[in-house]
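To convert, count from 1 in the first sequence and add 1; that's my numbering. Only one structure is covered here, and it is reproduced in the block below.
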Amino acid sequence: MSRARIARVLVDSPLPQLDRLFDYGIPDGLVDAVVPGVRVRVPLRSAGRVSDGFVVELADAGDYSGPLSEIESVVSPLRVLTEDVWTLARRVSERAAGSAIDIVRLAIPTRQVRVEKAFLARIESAPIRVIEPAAVEHYAPGVVESAIARGERVAVDAVPLVTELSSGITVGAWALTLAQAATHVLAAGRRAILVVPDYRDQDQLQAALEEVLPAECIVRLDARQSNPDRYRGFLRCLGDEPLVVIGNRSAVYAPARDLGLIAVWDDGDALQREPLAPYVHARDAALVRQEQQGCALIMLGHARTTEVERLVEVGWLHEVRPAPSVIPKVVPTAYQSANDPLADRARIPSSAWHAAREALARGPVLVQVARPGYSPQLACAECGQTARCVRCEGPLAQRQSGDVPACAWCGALAIGWRCRHCDADRVRLLGAAGASRTAEDLGRAFPGVRVIIADGERPVQHVDDRPALVIATRGAEPIARGGYRAVLLLDGERMIARESLRVAEDCVRWWSNAIALAARGAPCYLVGIGGELARALVTWNQAGFARSELADRRRLRFPPAVRVATLTGSIDAVESAVRVSGVDAGDVLGPVDIDSARVRTILRFDYARGSEIAAVLRAEVVRAATSRRRGARGRPGAIPLRVRMDDIEPFLES
DNA sequence: AGCACGCCGACT
DNA sequence: GTCGGCGTGCTC
């Protein structure tokens, strides 16, 4: 068997036209060092210029017939780009019409020489550790366990309770569910990746894991770590021992050999979408990886996203529910005078106020309020319903007062607009007004009570079980020991007034997550919200709510009932991309102007056409980047064509 | 991105 | 004749 003479290298460059493998010769001195996965330095176009890259594979003959350059050096002997991660990066980037190297950069943290030296010098102690599997509580015995053993894909409804660990830390029951599930993977000698949105969830999950697993089995990978810590965690994943990797969205790309489980907690959280190109959602990456490696997949949440609901409906995910079911006590309450001037000032309904007063004698009470500030929107001047585009149902926006309102999604001018609900023909600006409730107002409504404020600037993760009024903005709610004795969700009306395709879905999630912090049987008051939303929470049937949301999106041809691609760039480049995509005119929303030089168009299409359209659009991006730097003679000012798949952001704008 | 190649106007 | 202008295209 002759030695391979060609190394196929992924070059670390942001240019879309370089997103493929390049063939390099292997100099005699490096034949042993050049192996798949190592980081290398390679010349790229004319000697002198060198690029970083990764050896992806070795071959005897390449597909390139020209003269080959040779690899300049091997940066380190560690095979940091594993075969699995390379395949995953390739597939995920293709699905997202992006570059594989952008995914590889998320997967492999920056190299830290000292950390690497220490890792290479370590003595392989390999203690034989016996891991005891822990039963997954709150579900029918063996259901979650057998799903893991068989490599199934499941959508699991989380248990809306909090649990006190033996360490004294209180965590959401969901964290213990994932920890217990992970024990079965590790006991089988395999590995698990658990993905959470932020560090608060990660802390809970880590505490829960330490309850059931030795601490040495847990590896953290997240953005808050220092570079050395992150690289140290990453290198541990390259070893052989059974591990559970916990981290934020990019942990989904961790190099875990012999993967038994990927779990994603709370996939509806906006932090699960990567804000860097190609903007891949952790849920989508997890789905691709599950298919590739045949491991189990758990999507866990208190609420259900329409995306997960869609996967359930097409049979890709199977539902698992707690058994026996745990149904929180949710009380929808209309606004009514509280008969108490202070409670009235804080706009707390009397029944909720009385219940909170009573609960405050026994422990902490949570008051959830909206985050300050929200964007103004246009509404019917008569009935107050959001003003919508007659063509595509998008929200209407006004550049400046006096302008004819135009659709924020498709750009159609709303000339001769009439309200669908009351037939009025005038719009008004909503949103900027409205007295925001202050912590002082709330505190005054409950005189003599300890007040704890938790928001973005004042993060509080835990409160004890002594009486306190805990005022938190949504998403920043602390966990109370023993659970809150009552929960007041006060700003429902303000939260639902946000203009967004996902607003109802998001509200159900925010409220469900807050309600799940209550003690068993504690009353949870949902103020100012009725109808289907309130019913979903009272019956604790978030899946049913997601089902009807998804049915609405199907009727309107909105994501996730269809896939979408957002194109931005010069009008010429965007129009050309629209043409080659072959998408019907009815599914082309736009173009709308972004600034003087760029426009945006949204394409929507069925899932069946997804990979084909992603490939065509990707080719257009490459074409726009190479041939003809349009207009501005190849100088900065040439506007790149950008494609973003499955981005719901333009649908969120008003 | 850089950098070489190449095909038309003023030069010793 | 040929030096060099920048538009065009490629990077193993």
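For every residue, glycine included, the Cβ atom is placed at its ideal position computed from N, Cα and C. Bear in mind the structure is a predicted one, so any value in this text is a computation, not a measurement.
query, result
"Taking DSSP's pairing of strands, which residues face K330 in a bridge?", "P524"
"Apart from the five residues on each side of it in sequence, which residues of its chain come closer than 6 Å, Cβ to Cβ, to F652?", "L502"
"Please determine, among V12, A150, L214 and E320, the residue with the shortest C-alpha to C-alpha distance to Y140.", "E320"
"Tell me whether Y65 is buried or exposed, calling it buried when 16 or more other Cβ atoms sit within 10 Å of its Cβ.", "exposed"
"Using a Cβ-Cβ cutoff of less than 6 Å, which residues in the same chain neighbour E650 once the five nearest sequence positions on both sides are dropped?", "none"
"Relative to the alpha-carbon of E383, which residue among C420, L518 and G403 has its alpha-carbon at the smallest distance?", "C420"
"Skipping 5 residues on each side, what residues in its chain have a beta carbon closer than 6 Å to that of C481?", "Correcting the residue identity first, residue 481 is Ala in this sequence and not Cys. For A481, where only same-chain residues beyond five positions count, the Cβ hits under 6 Å are P365 and V464."
"With distances taken from CA atoms, which of L162, V93, T184 and E506 is nearest V131?", "T184"
"Grab the span of the beta strand (DSSP E) containing W266 for me, first residue to last.", "L260 to W266"
"Pull up the DSSP beta-bridge partners for P396, would you.", "R389"
"Going along the chain, which residues of its own chain have a beta-carbon closer than 6 Å to the beta-carbon of A620, five neighbours each way excluded?", "none"
"Are the segment 50–60 and the segment 2–17 touching, with three or more C-beta to C-beta distances below 8 Å?", "yes"
"With distances taken from CA atoms, which of A62, S70, P37 and D61 is nearest L45?", "S70"
"What are the residues that DSSP puts in a beta bridge with D53?", "R42"
"Evaluate G190 with the Cβ neighbour count: other Cβ atoms within 10 Å of its Cβ, from every protein chain shown; 16 or more gives buried, anything less gives exposed.", "exposed"
"What are the start and end residues of the beta strand (DSSP E) that includes P592?", "V589 to D594"
"Where do the N-terminal and C-terminal ends of the alpha helix (DSSP H) with I572 fall, by residue?", "I572 to S582"
"Taking the alpha carbon of R467 as the point to measure from, which residue in Q18, A360 and T569 has its own alpha carbon closest?", "A360"
"Taking buried to mean at least 16 other C-beta atoms within 10 Å of its own C-beta, is H422 buried or exposed?", "exposed"
"Have a look at V565 and L604 and give me their C-alpha separation to the nearest angstrom.", "5 Å"
"Would you tell me roughly how many angstroms separate the C-alpha atoms of L236 and A523, rounded to the nearest one?", "45 Å"
"Are the segment 566–574 and the segment 598–612 touching by the rule of at least three beta carbon pairs closer than 8 Å?", "yes"
"Looking at C-alpha atoms only, which residue of R274, A616, S168 and Q293 is the closest neighbour of R284?", "R274"
"Would DSSP call L672 helix, strand or coil?", "The shown model of the chain, from 2 to 655, leaves out residue 672, and the question about it has no answer."
"Let's test the definition: count the other Cβ atoms within 10 Å of the Cβ of Q386 and tell me whether it reaches 16, buried, or not, exposed.", "exposed"
"Among V589, W317, R201 and L195, which has the Cα closest to the Cα of V220?", "L195"
"Which parts of the segment 191–222 are runs of the alpha helix (DSSP H), unbroken and 4 residues or longer, counting only runs that do not cross its ends?", "200–213"
"Thinking just about the alpha-carbon of each residue, which of C525, I109 and V155 is nearest to the one in D223?", "I109"
"For a test of the three-state rule: what should DSSP assign to T474, helix, strand or coil?", "strand"
"In the DSSP assignment, the beta strand (DSSP E) including H303 goes from what residue to what residue?", "Run containing H303: none; DSSP gives neither H nor E here."
"If we count the other Cβ atoms within 10 Å of its Cβ and call it buried at 16 or more, is A598 buried or exposed?", "exposed"
"Relative to the C-alpha of V1, which residue among G143, S100 and I595 is closest?", "Residue 1 lies beyond the residue range present for the chain, which begins at 2 and ends at 655; the question has no answer from this structure."
"Run through DSSP, which three-state label would P229 get?", "helix"
"Does the Cβ of N228 have 16 or more other Cβ atoms within 10 Å, making it buried, or fewer, making it exposed?", "exposed"
"What residue does the alpha helix (DSSP H) around Y311 start on, and which one ends it?", "It is Arg, not Tyr, that sits at residue 311 in the sequence shown. Unbroken alpha helix (DSSP H) run through R311: T307 to E314."
"What distance in whole Å lies between the Cβ atoms of A371 and D492, which are believed to be in contact at a cut-off of 8 Å?", "4 Å"
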